[in-house]
Structure formats: C-alpha cells, structure tokens
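Below is one structure; the comments refer to it alone.
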Amino acid sequence: MQIFATFDYTTLLEIAITELEAHGVSSIYAVPLDLRKEEPRIMDSMHRADGMSFIDKGMILAFMFATVGASKGFVWAWGPVIWGLIGAGTGFALGIAINGLLYLMTRRKNRSALLKGKRGDVILVVTCHEEKAAIVADILWDHKALGLAKTK
Amino acid sequence: MNNFSEPYRARRYLAFVSMFGTTLIHKRNPYTIGCWSMAFPGFGHLLLNKYIRGYLLVLWEIFINQKIHLNLAIIYSFNGKFQAARDVLDPRFMSLYIPVYLFAIWDSYRTTVDLNKVQVLAHRENARFSEFTIGALEVNYLDKRKPWISVIWSMGIPSIGQLYLHRIVLATFILLSTIVLVYESRIILAIHYLILGDIGSSAKAVDAQWLLYFPSFYFFSLYDAYVSTVENNKLFDHALRSHLVRSYQPPGVTLTIGSKVD
Chain A
22 MQIFATFDYT TLLEIAITEL EAHGVSSIYA VPLDLRKEEP RIMDSMHRAD
72 GMSFIDKGMI LAFMFATVGA SKGFVWAWGP VIWGLIGAGT GFALGIAING
122 LLYLMTRRKN RSALLKGKRG DVILVVTCHE EKAAIVADIL WDHKALGLAK
172 TK
Chain B
-6 MNNFSEPYRA RRYLAFVSMF GTTLIHKRNP YTIGCWSMAF PGFGHLLLNK
44 YIRGYLLVLW EIFINQKIHL NLAIIYSFNG KFQAARDVLD PRFMSLYIPV
94 YLFAIWDSYR TTVDLNKVQV LAHRENARFS EFTIGALEVN YLDKRKPWIS
144 VIWSMGIPSI GQLYLHRIVL ATFILLSTIV LVYESRIILA IHYLILGDIG
194 SSAKAVDAQW LLYFPSFYFF SLYDAYVSTV ENNKLFDHAL RSHLVRSYQP
244 PGVTLTIGSK VD
C-alpha cells in the first residue's frame, strides 16, 4: 500500500517522518519539488535577488523623502516630525506604486502562469502494510499534510 | 561551537548558525545595497552580514557628522539657506568625510557582486553546515518566521525585529544606537507635544542635527528585519530540502501506482 501526501517545508514534516519511523514504517521516500518560477516574479529583481524587491524601492524612497521632509519641516508650518512622516509615507507609497506598475506590466505576459491557493513543496511517498495505513494517514494529517491519497 | 568539523572542509558554505545569529549569503541587488550605503555608510555592509565593517562605518559616520555638522548643513541647503550651510560646516574635518562615504558605497556594491558569485558556487556545492547550535548562553536553530511580524515589531522600537530573528549582536547595536538617537534628538518629546497638539513646541523641542539620522536609521531597521526574515525562511526550506534528498531518497525504490482507495 502506498500513501502519497504533500507538505510545505516545516519542522512538522520532519516530526512526521521521525514519528513514522518510530512506528516502524521505514519505507519513506521524499520528493522535494521545484516550484514554478513565474509566480514570485514580483519578488524578484533583475539580479534575481530574494523576495525583497517588493519593498526595497519603497524603503529607500521612504528614507529619502523623510530626510527631505524633516529638513523642510524646520521651515514649514507643521514642523519636522509631521513632514518627516508625510515624506516617509509618500516615499513608501511611491515605491510600492512603482513596483505595482512593474508587476502589472510583467504579469501581462504570463498571466496564465499565476498560481492560486496553497502549494505543496514536498511529495512524501510512504509504503506500508495495509493494516498500518490508517495510522500513517493519521500521523500525516496531524502534521499538516496539505493533501493525501492512498493507492493499492 | 565546533560547527565545521568535517575532516575535509567544504570550500564554501551558504550559512553559519552560531549562538549569536544566523549568518547567511543570499543573492542581492548591488544597487539596493549601494543605495543603503548612500543613506548611511555601513548599512549596506550590515545588510551583507559583514558586521564589523558595518559597525565601524556607522560609528565613523556619526562621529564625523557630529564633528562637521553635516546634517545641519543638509537642512539649511534643502531650505535654500546656502550661506547658513556654509557657515555651519566645520572645515577642520570636512575633507575626511568624503572618501569614507564614497568608499562605503563602492565597497558595499562590489562586495555584493562578489558575494552573489560566492552564493552561486556555495549553492551548487551545497555543502552541509550545522543547522543547530546549543551552548551555555543561547540556542539557535533554523526556523520559519513571518516577515511582517518582524517589521511590525521593528516599528515599535528598531532592533526588536532583529531580536526576533535571533541576530543578537546586530539587535544590540541597533538598540544602543536607537537609545542614543532618541535621547539626543529628543524625538519622543517632539512626538509627545505633537500628540498634545502643540506643533510649535514640537518643532522647537527636537535637535535638528541628531534628528536627521532618524529616517534612514528607522527604515533601515525595518527593511533589514523584513529581508532577513524572508531569507532565513528560504534557508530553512533549502536545508530541509537537502536533508530530505540526502536521507529519504534511497536507491532502488520503485513506485507501484495502483488505484486510489479511501
């Protein structure tokens, strides 16, 4: 009997595996998946940085505008703190808006490639005797399996 | 901790999990890092986890800026009071500022380019590194954390996001700097007056020279907390994936796909 289950990368996955081993189930095969690259493009920069370019423009513009705003605030009516905050908010919003525009422009090319909902990172294949299948399935569900199927 | 005790050390490692934090190499955009160095010399290096260089440059920036009153000159210049800017700048140290400032930008840019190459090689080599440290003072391990939680904590007081990520040394540095900046700039006092609706007293309360460190400092700590959380999570995924491939893909396993049962 074979049990297929999908998981995210979590510590619970390792706990599930070790618990199966403690129950005497030894035939465990794990297949970490390569996930499709299109979806996180919004998080990527041209150097394929690291899930960060979504806010990097915003943060940089925020500090720039806040510095100028705080300086101008020494002369303008509302004072440096308020103008600094206004500058920060404006800068951050501007950065996010630029990224949003870039995202819309790149997404148009591969809109069909967008993934929705939960994804699985790993497929776990457990082979065991039929009488143990229920325990194995329980253990996998208890450790946050995303999906599960038994075959025979 | 004796983290790398294999008989044949690997050439490169992606990460080092120590008692005081998880140091890691990941791909970064050199322009982003360069911009942070422009905001405040040393911040680029801190983002690269090159802490000693970062601390030195940050401390130098504060020292020299206090000496020559650059922040005041910036404020005067933005407000068009160019003669006041000329008067406030102290020429005694002024020329010392520029080389270190440019060095910080240039060095963080080129180090990013280099580290990106190192990252490619380390990722391909995929050497095992110790993922867990326990000692007399601390426990550190790879974990999944939520990026926005660390940002929200950092918004309260810069440094807590870093503490959430277990970057002890960076958190201490940022916390101490925050205390000095808050104390000297009297920004909390200004906010206090602002909440009471007394805008005039609020503007007078702050120390302009010290206040101008704040914007870049504050947003840097948010940005660093966010990015480091994302990258720590990616490192966790990578480590678990490597572990599964090493330990749970025994040769000779055949899958006999039958039909689905309940």
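Residue numbers (the working numbering), protein chains in the order written: chain A, 22 to 173; chain B, -6 to 255. Quick reminder that beta carbons are idealized off the backbone N, C-alpha and C, glycines included.
Can you check whether the C-beta of Asn72 of chain B is within less than 9 Å of a C-beta belonging to chain A? For the purposes of this step, residue 72 of chain B is taken as residue 79 along the second sequence, with counting starting at 1. Yes, because at least one Cβ of chain A sits closer than 9 Å to the Cβ of Asn72 of chain B.
I'd like to know if Ala164 of chain B contacts chain A, where contact means its C-beta is closer than 9 Å to some C-beta of that chain. In the second sequence, counting from the first residue as 1, residue 164 of chain B sits at position 171. No, no contact with chain A.
Run through DSSP, which three-state label would Ser123 of chain B get? Start at 1 with the first residue of the second sequence, and residue 123 of chain B comes out as number 130. Reduced to three states, the DSSP call for Ser123 of chain B is coil.
Would Thr27 of chain A and Leu205 of chain B qualify as a contact pair, given that the criterion is a beta-carbon distance under 9 Å? Against the first sequence, residue 27 of chain A aligns to sequence position 6. Against the second sequence, residue 205 of chain B aligns to sequence position 212. Not in contact: Thr27 of chain A and Leu205 of chain B (Cβ atoms no closer than 9 Å).
Nearest-angstrom Cα separation, counted from Gly79 of chain A out to Ala98 of chain A: The residue you call residue 98 of chain A lines up with position 77 of the first sequence. The residue you call residue 79 of chain A lines up with position 58 of the first sequence. If I take the Cα positions, the gap works out to 26 Å.
Closer than 9 Å, CB to CB, is Ile63 of chain A near chain B or not? Position 42 of the first sequence, counted from the first residue, corresponds to residue 63 of chain A. A caution first: Ile63 of chain A carries a pLDDT of 42, below 50, which makes its placement in the model too unreliable to give a value.
Can you list, in chain order, the residues of its chain with a C-beta nearer than 8 Å to that of Leu63 of chain B? Leave out the 5 residues immediately preceding and following it. Looking up residue 63 of chain B in the second sequence gives position 70. Hits under 8 Å: Ile57, Leu82, Tyr90.
Assign Ala51 of chain A to buried or exposed, taking buried as 16 or more other Cβ atoms, counted over all protein chains shown, within 10 Å of its Cβ. Here residue 51 of chain A is taken as the residue at index 30 of the first sequence, counted from 1. It counts as buried.
Helix or strand or just coil, what does DSSP make of Met67 of chain A? Here the question's residue 67 of chain A lines up with position 46 in the first sequence. In this predicted model, Met67 of chain A has a pLDDT of only 37, less than 50, meaning its place in the structure is not dependable; the value taken from the coordinates is given anyway. Correct three-state label for Met67 of chain A: coil.
Measuring straight from C-alpha to C-alpha, what distance separates Leu125 of chain A and Ala97 of chain B? As a working note, residue 125 of chain A is residue 104 in the first sequence. As a working note, residue 97 of chain B is residue 104 in the second sequence. Going from the Cα of Leu125 of chain A to the Cα of Ala97 of chain B covers about 35 Å.
Could you say if the segment 235 to 252 of chain B and the segment 160 to 174 of chain B meet the contact criterion of at least three C-beta pairs nearer than 8 Å? no
Among B:Ile188, B:Ala164, B:Ile184, B:Phe210, which residue has its Cα nearest to the Cα of Leu174 of chain B? Taking the second sequence and counting its residues from 1, one reaches residue 174 of chain B at position 181. It is B:Phe210 whose Cα lies nearest to the Cα of Leu174 of chain B.
From Ile18 of chain B to Ile160 of chain A, what does the alpha carbon distance come to, in whole angstroms? Translated into the one-based positions of the second sequence, residue 18 of chain B becomes position 25. Translated into the one-based positions of the first sequence, residue 160 of chain A becomes position 139. The straight-line gap from Cα to Cα measures roughly 36 Å.
Would the segment 2 to 13 of chain B count as touching the segment 102 to 119 of chain B if we require 3 or more Cβ pairs under 8 Å? yes
Chain A contacts from the segment 52 to 82 of chain B (Cβ-Cβ distance under 9 Å): Asn64, Ile67, Ile68, Tyr69, Ser70, Phe71, Asn72, Gly73, Lys74
Are the C-beta atoms of Arg234 of chain B and some chain A residue less than 9 Å apart? Counted from its first residue, the second sequence places residue 234 of chain B at position 241. Output row for Arg234 of chain B: interface = yes.
Between which residues of its own chain and Pro34 of chain B is the CB-CB distance below 6 Å, once the five residues before and five after are set aside? As a first step, residue 34 of chain B must be located in the second sequence, where it is residue number 41. Contacts found: Leu50, Glu54, Tyr94, Ala97.
Going along the chain, which unbroken runs of the beta strand (DSSP E) with 3 or more residues stay wholly within the segment 93 to 159 of chain A? 143 to 148
In chain A, which residues lie less than 7 Å from Ser281 of chain B when you measure between Cβ atoms? Residue 281 of chain B lies beyond the stretch modelled for chain B, which goes from -6 to 255, so this question has no answer here.
Kindly indicate if chain A contains any beta-carbon less than 9 Å away from that of Tyr241 of chain B. Taking the first residue of the second sequence as 1, we reach residue 241 of chain B at position 248. By this cut-off, Tyr241 of chain B is an interface position.
Is Leu156 of chain B closer than 9 Å to Ser101 of chain B when the C-beta atoms are compared? The residue given as residue 101 of chain B occupies position 108 in the second sequence. The residue given as residue 156 of chain B occupies position 163 in the second sequence. No.
Chain-ordered neighbours of Val246 of chain B on chain A, where CB pairs are closer than 9 Å: Against the second sequence, residue 246 of chain B aligns to sequence position 253. Correct list: Ser48, Tyr50, Val146, Thr148.
Excluding the 5 residues preceding and the 5 following Phe213 of chain B in the sequence, name in chain order all residues of the same chain whose CB lies nearer than 7 Å to its CB. By one-based count along the second sequence, residue 213 of chain B stands at place 220. Answer for Phe213 of chain B: Trp29, Ala32, Phe33, Phe36, listed in chain order.
Under 8 Å, CB to CB, which of the residues in the segment 20 to 37 of chain B have a partner in chain A? Lys20, Arg21, Asn22, Pro23, Thr25, Cys28, Trp29, Ala32
C-alpha distance - Tyr219 of chain B paired with Ser152 of chain B, whole-angstrom precision: Start at 1 with the first residue of the second sequence, and residue 219 of chain B comes out as number 226. Start at 1 with the first residue of the second sequence, and residue 152 of chain B comes out as number 159. About 12 Å.
Identify the contact partners of Met80 of chain A in chain B, using a Cβ-Cβ distance below 7 Å as the criterion. Looking up residue 80 of chain A in the first sequence gives position 59. Those are Phe212, Leu215, Tyr216, listed as they occur along chain B.
Report, in whole angstroms, the separation of the C-beta atoms of Leu187 of chain B and Val102 of chain A, which I expect to be a contact under 8 Å. As a working mapping, residue 187 of chain B is identified with position 194 in the second sequence. As a working mapping, residue 102 of chain A is identified with position 81 in the first sequence. The Cβ separation is near 6 Å, so the contact holds.
Beta strand (DSSP E) segments (min. 3 residues) lying fully within the segment 186 to 220 of chain B: none
Within chain E, the residues that Asp142 of chain A reaches when beta carbons sit closer than 9 Å: Here the protein chains are A and B, and chain E is not one of them.
Measure the beta-carbon distance from Ser192 of chain B to Phe13 of chain B and round it to whole angstroms, keeping in mind my assumption that it falls under 8 Å. Position 199 of the second sequence, counting from 1, holds the residue named residue 192 of chain B. Position 20 of the second sequence, counting from 1, holds the residue named residue 13 of chain B. For the record, residue 192 of chain B in the displayed sequence is Ile; it is not Ser. With a Cβ gap of about 44 Å, Ile192 of chain B and Phe13 of chain B do not count as contacting.
Comparing C-alpha positions only, which one of A:Met22, A:Thr31, A:Ile24 sits nearest to Leu228 of chain B? Translated into the one-based positions of the second sequence, residue 228 of chain B becomes position 235. Answer by Cα proximity: A:Thr31.
Grouping DSSP H, G and I as helix and E and B as strand, with all else coil, what is Phe134 of chain B? The residue given as residue 134 of chain B occupies position 141 in the second sequence. Here residue 134 of chain B turns out to be Tyr, not Phe, going by the sequence shown. If DSSP states are grouped into helix, strand and coil, Tyr134 of chain B belongs with the strands.
Ala112 of chain A versus Phe86 of chain A - alpha carbon distance: Along the first sequence, one-based indexing puts residue 112 of chain A at 91. Along the first sequence, one-based indexing puts residue 86 of chain A at 65. For the sequence presented, residue 112 of chain A should be read as Gly rather than Ala. Each residue's Cα considered, the two are about 6 Å apart.
Roughly how many angstroms lie between the CA atoms of Phe75 of chain B and Val111 of chain B, to the nearest whole one? As a working note, residue 75 of chain B is residue 82 in the second sequence. As a working note, residue 111 of chain B is residue 118 in the second sequence. Cα to Cα, the separation comes out at about 46 Å.
Would you report the Cα separation of Asn22 of chain B and Val223 of chain B, rounded to the nearest angstrom? For the purposes of this step, residue 22 of chain B is identified with residue 29 of the second sequence, where counting begins at 1. For the purposes of this step, residue 223 of chain B is identified with residue 230 of the second sequence, where counting begins at 1. Going by the C-alpha atoms only, they are around 15 Å apart.
Quick check: the segment 142 to 161 of chain A against the segment 32 to 41 of chain A, are there 3 or more CB pairs under 8 Å? yes
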